[in-house]
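For reference, the structure discussed in these notes is given below.
There are 2 protein chains.
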Amino acid sequence: MLLSKLFIPITKDLPAEAKIKSHQLMLRTGMIRQSSAGIYSWLPLGFKVMKKIEKIVREEQNNIGAQEMLMPTIQPADIWKESGRYDDYGEEMLRISDRQKREMLYGPTNEEQITEIFRSSVKSYKLLPQIFYHIQWKFRDELRPRFGVMRCREFYMKDAYSFDLTENEAVHSYNKMFYAYLKTFQRLGLKSIPMKAETGPIGGDLSHEFIILADTGESKIFADKKIFDIKVEEFKNNESSLKKMRENFSKYYAVTDDKFKKDEFDKNVKKSDQLQTKGIEVGHIFYFGDKYSKPMNCSVDNKDGKKTFVKMGSYGIGVSRLVAAIIEAKYNNEKMKWPISVSPFDVVIIPSINKNDNSNLKKATKLYLELKKNNIDVLLDDIDENLANKFKKHDLLGIPFQIIIGSKSQDDEFEFKEIDGKSKMLNSNNITKELKKYFV
Amino acid sequence: MLLSKLFIPITKDLPAEAKIKSHQLMLRTGMIRQSSAGIYSWLPLGFKVMKKIEKIVREEQNNIGAQEMLMPTIQPADIWKESGRYDDYGEEMLRISDRQKREMLYGPTNEEQITEIFRSSVKSYKLLPQIFYHIQWKFRDELRPRFGVMRCREFYMKDAYSFDLTENEAVHSYNKMFYAYLKTFQRLGLKSIPMKAETGPIGGDLSHEFIILADTGESKIFADKKIFDIKVEEFKNNESSLKKMRENFSKYYAVTDDKFKKDEFDKNVKKSDQLQTKGIEVGHIFYFGDKYSKPMNCSVDNKDGKKTFVKMGSYGIGVSRLVAAIIEAKYNNEKMKWPISVSPFDVVIIPSINKNDNSNLKKATKLYLELKKNNIDVLLDDIDENLANKFKKHDLLGIPFQIIIGSKSQDDEFEFKEIDGKSKMLNSNNITKELKKYFV
C-alpha cells in the first residue's frame, strides 16, 4: 500500500476528552473516528489491527474445539424476562421498541440467547461437552463513555459458552478456556495475569479476569512476580494437565486493589517478588452452573434418561478493547511498536524524497514491488516530506520493521531495522529473507 | 469435524412460514435458527458458508483497490437530518433513543456516515479517487419479514462508497465495481445479469442491480441469452476496457417485469434467444453525484484550489442474503450441491456403520485423519444410522464431494464421487490428490 493512498486521517489537534494514550494514539494515527459518544468507526489502519487480533482469538478458540456461530445483535426481551435479568440489567441495556412495538434490545451479552438455542435442539447428553462462541458487536449504554474504544458503548467481543452434564466436566471446559486465553494473550505479545474475580451481573461461583500489565492501566494490581515463571506451553490440553496449570496459577498472590490487603501481600510474597503496577482487564471467564439453564428450563437427558439442567460457563474477550490495551502496554515516550502478530503492516519503506530528486523513491518502489511479490504486507511512504517528520510519524504508526532509503543506501543496499533496534545494511534479497522469518 | 459433535440441529417438522426452499433447507440442515421475527442466529454450518462468501466478496473488493474499514451499527440521527433522509426513510428505519434521550438509529445503509467521515478528513483532490467498503450488520424494520434470511430485518451486507472529483472519474469507479461484482458472483458459482435499475431511496441517476438466475426467484426476468456470452475474464481493470465491458452488457435486453414490454422484447431479441425466468437481486450499485456531498457539505479543493463537491456512488452486496440465493439457485428435487468455493466442508466421509461391525468406521477415521493432515476440511459422518438415511441427509447438506465406505470398499480403495457425478474407486492418496485440485 502507498501511504499517499492509504486513508489514514491523522488528527494533529487532539480533542480534550482524549485523556489516555491509546485514545490519543488511535486518533493521531487515524485508526478510529468517533461517530457519536462511545461509538466509533474503525478506519483502515485500526480495522486491520482489530482483524488480526480477531483471527488470533478465533484460532485459539478453535484449538480447544469450540465451534463458531453468530448470534444477532438485536435480541427479543422475552428471553431476558425468562432469566430474570431484563429488569436487573438497568440502564446500560439499550432497550428498543420496533415498529410493531415489540420489546427488543441490543445484546450486551448472550447467555440467554445461547441457552435458548441450546434448549431448543439438544435433548441428550451425547452432544456434550460443547463450547460455542461468536465474535459479534455488543452494546452497553455507558452513562459516561470514555477512553476511546477502551470504555465505549458499541464494542466487538468474543463470547463463548460451555455446556456440560456435570460440574466436574464443566470445570474442565472452564480450564480449557483458561488455557486458550493465556495462549491468546501470549500470541498478542502481552503479559497477562489471571485473577480470581467477582462474578457481578453474570453470576455464578467461579470466575477469573485476565489482566494485562500496562503502567497506565485502569486498575492497580498487586502480584507475586513468580507468576510469570509459569510457562503455558508446558501444559497440554487434557484434563489433568489443565487442572495442574490452574492450581499452579492459584499458588501465587495476584489481586486488584479492591481485594488488596497489605498484610496478606507481605505475608505471602517476598519483598523482592512483590509487583505493584497497573493493568487492564481484557478477558473474563465465569462458571455459573445452572443459573441460566434452570430458570430457562434447559435440560438434557443423562445416561439414565433423567432430565438434568446443563452446567454452563461463559467466557469473554474484548476484541476492540484489546486494540487499545495493546497500545497502553506498548506505547511509550511518543514511540509505538506493534507486536509482530497484529501490526497493521509488516514493514514500511521510508525513502528520503525531495522535489528535485526522486531516485530514492524509484529504488523504494522497486523494493516495494519485490516485497509484495513475496507476500510481505508492505507500506511505502511515498509522501514528499522531510525525513525527520517521517520518522516522527512512523514512531507513532509503530510498524515493527523499517527500511530507510536515504544517504546511506547504495545501489541495492538499504538500511533495515526493527523499530527499536540497530540498523544494518542489507540487500533486497536478505531483507526479504529476514522478513519471511516473521511473516508469510 | 465429526458429525456427531457438529452442532447442526436438523429441524424435521418445518414451521408453516418456511415457504421458499432456501428457508426450508436452512432450517432442515441447521444452518440458522430464528431469534425473533426476521432476526436469525447463524449456526456453525450456516456461519461457515456465510464467512466463505464474505471472504470472496472481500477479495474482489480489495482487487479493485477498495479499502476496508468498519462503521458502527448504531448511527446518530443528526447526519440523517443533514442529508434529509431522516424523515423520508419511514418506519423501516429502526429508531432508537439512548439513556440520554439522544436520537439514534440502527443503520440501514451508510451514505451519511461515510460522507461525514470523508468530509472531516479529506480536503484535497489528491486522495481521490477513493473507494471504501465495510461488511457490517444492518437493520431494516420490514413490516412483514419473510423468506428466512432472504427478506429479514438484521442482515449482513457489504457496502462500498466511491469518491471522485469528476463525473467521468466517478463513472470509472462505478465500472470498476461493476467488474468486481461480476467476478464475485462468478466465483460464487452463480450466473448473474446486471440490469439497469431504478435508484429508489438511495437516489441518483445511474444504477444497476445484479440478478442471479433461480427459477424460484422473487422477480420475473426477461433477457437476451446472448448476455451470457460476455466473458468477464476478457476485460481488464482499466478505464477503456471497463467502459467497453459495460457497453457490451448494455447491448443486450435484460429487464425485470416492472420494466418489461413485450413488443420491445420481441423487436430486440430473436425468439430463440429469449430467456424468461426468475431471479434474485443480490447486488445493487448506484451513482448519485453530489446527492449527499452537497447537503452535507463534503467538498475538496480541486487542482485550481476551487472547492468542489465530491461525486459519490454506493455499492451493496447482500452477504447473508447470498447464502439463501445460492440455495435457491442450486437446490432442486431434495438435492443440494454447494459451489466448491463456499461449501461448508470440502468432502464428507460416509461409512456404513452398525453396532456389530465398526471396521468401516475405523477405515473412515484413518482416512479422515489423513485428509485433515493434508488441510482438507473434512466431515466424518460417524453416526450409527443406515446408509439410505445418511444419503438422504447428505443430499440436503450438499457437500460437493463424498467418500462412501461400505460394501464396495476394499482395503485402501474407497468409493469417491462428486455429489451429482459417477463414483470411482480410489485409494486415499489419489483421493487426497483429487481434492487438492479444488481445495488447499
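These protein sequence lines are chains D and S, in that order.
Note that our numbering has the first sequence beginning at 4, numbered continuously upward.
Note that our numbering has the second sequence beginning at 4, numbered continuously upward.
From the three backbone atoms N, C-alpha and C, an ideal C-beta is built for every residue, glycine too.
Below 9 Å between beta carbons is the criterion; list the residues of the region 26-47 of chain D that meet it against any residue of chain S, in chain order.
G33, R36, S38, S39, A40, I42, Y43, S44, W45, L46 and P47
Let me check understanding here. Comparing Cα to Cα, which of S:K126, S:A226 and S:D293 lies closest to S275 (chain S)?
Position 272 of the second sequence, counted from the first residue, corresponds to residue 275 (chain S). With distances taken between Cα atoms, S275 (chain S) lies closest to S:A226.
Would you mind reading off the limits of the beta strand (DSSP E) that contains S210 (chain D)?
Working through the first sequence from its first residue, we reach residue 210 (chain D) at position 207. L209 to L216 is the extent of the beta strand (DSSP E) around S210 (chain D).
From S:E221, S:M248 and S:N241, residue whose alpha carbon lies closest to that of I230 (chain S)
What you label residue 230 (chain S) is simply residue 227 of the second sequence in a count that begins at 1. Comparing Cα-Cα distances from I230 (chain S) to each of S:E221, S:M248 and S:N241, the minimum goes to S:M248.
Segment limits, beta strand (DSSP E) that includes I320 (chain D):
For the purposes of this step, residue 320 (chain D) is taken as the residue at position 317 of the first sequence. It spans K314 to G321 - the beta strand (DSSP E) in which I320 (chain D) sits, taken as one unbroken run.
Considering only the alpha carbon of each residue, which of S:I288, S:R122, S:I214 and S:S44 lies closest to E331 (chain S)?
Residue 331 (chain S) sits at position 328 when you count from the first residue of the second sequence. Selected option, being the one with the closest Cα: S:I214.
Going along chain D, which residues have a C-beta under 8 Å from W140 (chain S)?
Walking along the second sequence from the start, residue 140 (chain S) turns up at place 137. Per Cβ cutoff of 8 Å: P75, T76 and W140.
On the premise that Y159 (chain S) lies in contact with M299 (chain S), defined as a C-beta separation below 8 Å, what is that separation, rounded to the nearest angstrom?
Looking up residue 299 (chain S) in the second sequence gives position 296. Looking up residue 159 (chain S) in the second sequence gives position 156. Not confirmed; about 26 Å, so no contact.
Proximal chain S residues relative to S124 (chain D), where beta-carbon distance stays under 7 Å
The count along the first sequence starts at 1 and reaches residue 124 (chain D) at position 121. Under the 7 Å cutoff, chain S gives P12.
Using the Cβ count rule (16 or more neighbours within 10 Å means buried), how would you classify R324 (chain D)?
Sequence index remark: in the first sequence, residue 324 (chain D) carries index 321 (1-based). With 16 or more Cβ atoms within 10 Å of its Cβ, R324 (chain D) is classed as buried.
Can you tell me whether S244 (chain D) is buried or exposed, with buried defined as 16 or more other CB within 10 angstroms of its CB?
What you label residue 244 (chain D) is simply residue 241 of the first sequence in a count that begins at 1. The residue is exposed, with fewer than 16 neighbouring Cβ atoms inside 10 Å.
My assumption, with CB atoms under 8 Å, is that A367 (chain D) sits in contact with L382 (chain D). Please give the rounded CB distance.
Sequence index remark: in the first sequence, residue 367 (chain D) carries index 364 (1-based). Sequence index remark: in the first sequence, residue 382 (chain D) carries index 379 (1-based). Actually they are not in contact, since the Cβ atoms of A367 (chain D) and L382 (chain D) sit about 11 Å apart, beyond 8 Å.
Please report the residue range of the beta strand (DSSP E) in which P47 (chain D) lies.
Counted from its first residue, the first sequence places residue 47 (chain D) at position 44. Counting along the chain, P47 (chain D) falls outside any beta strand (DSSP E), though it belongs to the alpha helix (DSSP H) covering P47 to N66.
At a CB-CB cut-off below 7 Å, which residues of chain S make contact with D101 (chain D)?
Taking the first residue of the first sequence as position 1, residue 101 (chain D) is located at position 98. By Cβ distance, chain S contributes L97 and D144.
Select from S:P347, S:G192, S:K393 and S:N271 the residue whose C-alpha is nearest the C-alpha of K228 (chain S).
Taking the first residue of the second sequence as 1, we reach residue 228 (chain S) at position 225. If we check each option's Cα against that of K228 (chain S), S:N271 comes out closest.
Under three-state DSSP, which class holds I42 (chain D)?
Locating residue 42 (chain D) in the first sequence gives position 39, counting from the first residue. Residue state, collapsed to three classes: strand.
Sequence ranges, alpha helix (DSSP H) only - wholly within the region 263-287 of chain S, length at least 4:
265-271
Alpha carbon to alpha carbon, how far is I56 (chain D) from D81 (chain S)? Give it in angstroms, no decimals.
Against the second sequence, residue 81 (chain S) aligns to sequence position 78. Against the first sequence, residue 56 (chain D) aligns to sequence position 53. Cα to Cα, D81 (chain S) sits roughly 32 Å from I56 (chain D).
Among D:A257, D:F150 and D:K234, which residue has its Cα nearest to the Cα of I196 (chain D)?
Position 193 of the first sequence, counted from the first residue, corresponds to residue 196 (chain D). Of D:A257, D:F150 and D:K234, the residue nearest in Cα terms is D:A257.
Under 8 Å, with one C-beta from each stretch per pair, do the region 142-151 of chain D and the region 13-23 of chain D reach the 3-pair mark?
yes
Starting from Q189 (chain D), trace the alpha helix (DSSP H) in both directions and tell me its first and last residue.
Against the first sequence, residue 189 (chain D) aligns to sequence position 186. Taken as a continuous stretch (DSSP letters only), the alpha helix (DSSP H) holding Q189 (chain D) covers E170 to R190.
Suppose contacts are defined by Cβ-Cβ distances below 7 Å. Is A183 (chain S) in contact with I67 (chain S) by that definition?
Indexing the second sequence from 1 puts residue 183 (chain S) at position 180. Indexing the second sequence from 1 puts residue 67 (chain S) at position 64. Yes; because the gap between Cβ atoms is below 7 Å, this pair is in contact.
Assuming contact is defined by CB atoms lying nearer than 7 Å, are K186 (chain D) and V235 (chain D) in contact in what I supplied?
Reading the first sequence from its first residue, position 183 is the one you call residue 186 (chain D). Reading the first sequence from its first residue, position 232 is the one you call residue 235 (chain D). Yes, Cβ-Cβ distance for K186 (chain D) and V235 (chain D) is below 7 Å.
R98 (chain D): CB within 6 Å of a non-hydrogen atom of the ligand PLP:
With respect to the ligand PLP, the structure shown offers nothing to examine, as it has no ligands at all.
Any chain D beta carbon closer than 7 Å to F312 (chain S):
The sequence position of residue 312 (chain S) within the second sequence is 309, counting from 1. By this cut-off, F312 (chain S) is not an interface position.
Here's a check: name, in chain order, each residue in its chain whose Cβ is nearer than 8 Å to the Cβ of D208 (chain D), leaving out the five neighbours to either side.
Here residue 208 (chain D) refers to the residue found at position 205 of the first sequence. Counting only Cβ-Cβ distances below 8 Å, and skipping sequence neighbours, we find T202, Y290, F291 and G292.
8 Å contact criterion, which P111 (chain D) and R143 (chain D) should meet: CB distance rounded:
One-based indexing of the first sequence puts residue 111 (chain D) at position 108. One-based indexing of the first sequence puts residue 143 (chain D) at position 140. Sure, about 5 Å apart at Cβ, within 8 Å.
Length at least 4, wholly inside the region 371-424 of chain S: the alpha helix (DSSP H) runs in chain order
390-400
Can you name the start and end residues of the alpha helix (DSSP H) that R88 (chain D) belongs to?
Taking the first residue of the first sequence as 1, we reach residue 88 (chain D) at position 85. Element bounds for R88 (chain D): R88 to D91.
Unbroken beta strand (DSSP E) run spanning Y334 (chain S), endpoints:
Looking up residue 334 (chain S) in the second sequence gives position 331. First-last for Y334 (chain S): undefined, no H or E at that position.
Pull up the distance between the alpha-carbon of Q413 (chain S) and that of R154 (chain S), whole angstroms please.
Within the second sequence, numbered from 1, the residue matching residue 413 (chain S) stands at position 410. Within the second sequence, numbered from 1, the residue matching residue 154 (chain S) stands at position 151. C-alpha separation (whole angstroms): 49 Å.
Return the chain-ordered list of same chain residues with a C-beta closer than 7 Å to the C-beta of D167 (chain D), the five sequence neighbours on each side being excluded.
Walking along the first sequence from the start, residue 167 (chain D) turns up at place 164. These residues qualify, in order along the chain: L131, P132, A173, S176, V313 and K314.
Chain S residues whose Cβ lies nearer than 7 Å to that of E157 (chain D):
In the first sequence, counting from the first residue as 1, residue 157 (chain D) sits at position 154. Simply P75, T76 and I77.
Output needed for S210 (chain D): all residues of its chain with C-beta closer than 6 Å, excluding positions within five of it in sequence on either side, in chain order.
Walking along the first sequence from the start, residue 210 (chain D) turns up at place 207. Here the set comprises A200, T202 and F289.
Kindly indicate which residue of D:F10, D:F50 and D:N178 has the alpha-carbon position closest to the one of N241 (chain D).
For the purposes of this step, residue 241 (chain D) is taken as residue 238 along the first sequence, with counting starting at 1. Nearest C-alpha to N241 (chain D): D:N178.
3 or more residues per run - each beta strand (DSSP E) lying fully within the region 100-157 of chain D
106-109 and 133-142
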